[in-house]
Each structure stands twice: as C-alpha cells, then as structure tokens.
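Visitor: Let me begin by handing over the structure; questions about it come next.
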C-alpha cells in the first residue's frame with residue numbers, strides 16, 4: 007500500500023571521495039507540476055541533465071531545487087586563465103564608484119581574485135562518466151533523504167485529512183437526521199395557517215399531505231448526502247493509491263464542496279445552515295492540505 011507523500015521535503019548529504027568533497031542539498035515545495043532547477047559549479051554543468059533525470063525518476067510533482075557543491079581534493083590540474091576584458095570592465099566600474107562617491111581605493115589582488123569569472127581554471131580532459139559515477143550516489147542519497155521527509159510529512163497530512171473527513175461525515179449524518187424534522191415543522195406550520203384561514207371549517211387532509219410531500223421532495227438531501235459519502239470513500243481510497251493522487255484528491259474535494267452546498271440552500275432549518283457553514287470550513291481545511299499532496 008502506497009503512503010501519502012507531501013510535496014514539502016528537504017535532504018542534505020555530504021561525502022568525500024578520492025578526488026572531491028561533495029555536498030548535495032535538495033529542497034522541495036508544492037507545485038502543480040514537476041519543476042526542477044539545479045545549481046552546481048560551472049565546470050560541472052554537463053551534469054545538470056543527469057541530475058534532472060534522477061529527480062524526474064523519483065518525483066512526480068513539486069518545485070525541486072538541487073544544489074551541488076564540489077571541492078576538489080587531489081589529482082586535479084589545469085591552466086588558470088585571466089579574462090582581461092572582464093577584469094578591465096570591473097576595474098572601470100570600481101573606479102567610477104570610487105570617484106562618484108569619494109571612496110577610498112582599496113582594490114587588492116585578493117579582492118580581484120574573488121570577482122566572478124575573472125579567474126577560471128581550464129580543466130584538462132575530463133572523463134565525464136567517471137565524474138558522474140562519483141557524484142551520482144551522493145545525489146541519490148540526497149533524493150532518498152528528501153523523499154523520507156516527504157513521507158513523514160505525508161503521514162502527518164494523512165492523519166489530518168482522515169480526521170477532517172471523519173468530522174465531515176459526522177456533519178453529514180446530522181444534516182440527514184435534521185432534514186425530516188424540517189419537513190415535520192413545515193407540516194405543523196401549514197396546518198396552523200390553514201386553521202387560521204378556515205376557522206371552523208374542516209381541513210382537506212389530502213391537500214395537506216400533497217403539499218407536505220412536495221415540500222419534502224424540494225428539501226430532500228438524500229441524494230447529496232449519498233454522493234458526499236461516495237466522494238469521501240473515494241478520497242480515502244485515493245490516499246492509498248499506487249500512483250500519486252494529489253490532483254484526484256483536489257478534484258474530489260471540489261465535488262464534496264458541491265454536494266454540501268444544496269442542504270444549506272434547500273432547508274430553512276437554522277441548525278442545518280449552521281452545520282453546512284461548519285462543513286464548508288472543514289472542506290476548506292481539506293482543500294488547503296490537499297494542495298501539498300504529491
């Protein structure tokens with residue numbers, strides 16, 4: 007049986023290999039579709055699509071941000087190059103800032119070295135597949151850690167959803183029980199009005215029965231309550247479906263909301279109106295929770 011998964015998750019894993027120190031950080035939030043972004047050192051940009059494929063194999067929905075930090079430890083060589091044109095642009099801009107705002111000139115070599123893309127290392131020929139084989143297990147561990155958190159969050163979501171569904175069913179039972187009382191009250195009011203009009207004359211019982219039957223048909227909520235129970239049952243089953251069910255749960259929530267509205271408009275009973283308002287509040291909580299289900 008599949009566990010309900012939240013779309014909120016976080017995973018961070020570090021590892022040290024013979025040639026590098028690797029840190030993978032994955033953050034997930036809810037999103038209608040799967041949207042993955044990857045941040046990693048530019049010299050490893052060739053890994054981006056491979057990382058995205060790993061994410062796509064493990065997640066079906068959500069905004070997934072993957073951050074990869076790599077510190078080379080040994081066996082790395084390459085020529086350091088200076089982007090002189092970019093450096094001249096930086097120095098020109100810094101000089102302009104200094105002169106405009108009358109600042110002290112404290113440009114240093116170490117400061118220049120920190121400017122983005124001024125110094126770059128031209129790598130010697132790299133075996134991309136070998137590098138990926140070192141990094142891939144760490145990425146997979148980060149994904150696993152994130153998925154575990156999503157499952158834990160999903161367990162909490164499932165408990166809250168189940169609790170709110172129980173409340174909704176209790177309210178539906180109360181509405182179903184109060185509906186016949188509304189009909190009886192209508193019959194009593196109708197008989198009272200007829201007595202006032204007819205005074206001593208005899209009432210036509212068959213006419214009263216017909217009017218009450220028509221009223222009962224107008225205010226009947228049996229069909230709505232039956233459909234509501236059906237949607238609740240489908241909702242519970244979908245929470246344990248073998249495939250991600252967030253979109254279906256969202257649809258069923260809309261359908262439940264559609265079925266809870268008619269009793270409030272059909273029945274003039276104050277207590278039924280109050281219960282319908284409370285039920286809609288519960289459904290709003292369910293809707294908010296479902297937005298975070300994968």
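In the numbering used here, the protein residues as written are 7 to 300. Glycine is no exception: its CB is placed at the ideal position from the N, C-alpha and C atoms.
Using DSSP with H/G/I as helix, E/B as strand and the rest coil, what is residue 135?
Guide: Reduced to three states, the DSSP call for residue 135 is helix.
Visitor: Over what stretch of residues does the beta strand (DSSP E) that includes residue 18 continue unbroken?
Guide: Run containing residue 18: 15-22, per the beta strand (DSSP E) assignment.
Visitor: Could you tell me if residue 38 is buried or exposed, where buried requires 16 or more neighbouring beta carbons within 10 angstroms of its beta carbon?
Guide: Exposed, since its Cβ has fewer than 16 Cβ neighbours within 10 Å.
Visitor: Could you check which residue in 282, 149, 50 has the C-alpha nearest to that of residue 267?
Guide: Taking only the C-alpha atoms, the option nearest residue 267 is 282.
Visitor: Got a sec? Which residues, its chain only, sit under 8 Å from residue 52 by beta carbon, not counting five neighbours each side?
Guide: Closer than 8 Å at the Cβ level, and outside the excluded window around residue 52, lie 134.
Visitor: Just how far apart, CA to CA, sit residue 99 and residue 23?
Guide: Looking at the two C-alpha atoms, the distance is approximately 41 Å.
Visitor: Just tell me which of 293, 284, 62, 137 has its CA closest to the CA of residue 78.
Guide: Nearest of 293, 284, 62, 137 to residue 78, Cα basis: 137.
Visitor: To the nearest angstrom, how far is it from the Cα of residue 97 to the Cα of residue 145?
Guide: Near 39 Å, if we compare the C-alpha coordinates of residue 145 and residue 97.
Visitor: Have a look at residue 255 and residue 296 and give me their C-alpha separation to the nearest angstrom.
Guide: Each residue's alpha carbon lies about 7 Å from the other.
Visitor: Per the DSSP calculation, residue 126 is bridged to which residue(s)?
Guide: DSSP, once it has assigned bridges, lists 87 as partnering residue 126.
Visitor: To test your reading of the DSSP string, which unbroken alpha helix (DSSP H) runs of 4 or more residues are found completely within the segment 222-264?
Guide: With a minimum length of 4 residues, the continuous alpha helix (DSSP H) runs that stay inside the segment 222-264 are 228-244.
Visitor: Taking the alpha-carbon of residue 170 as reference, which of 25, 181, 293 has the nearest alpha-carbon?
Guide: Checked all of 25, 181, 293; the closest Cα to residue 170 is 293.
Visitor: Classify residue 94 as helix, strand or coil using the three-state DSSP reduction.
Guide: Helix at residue 94.
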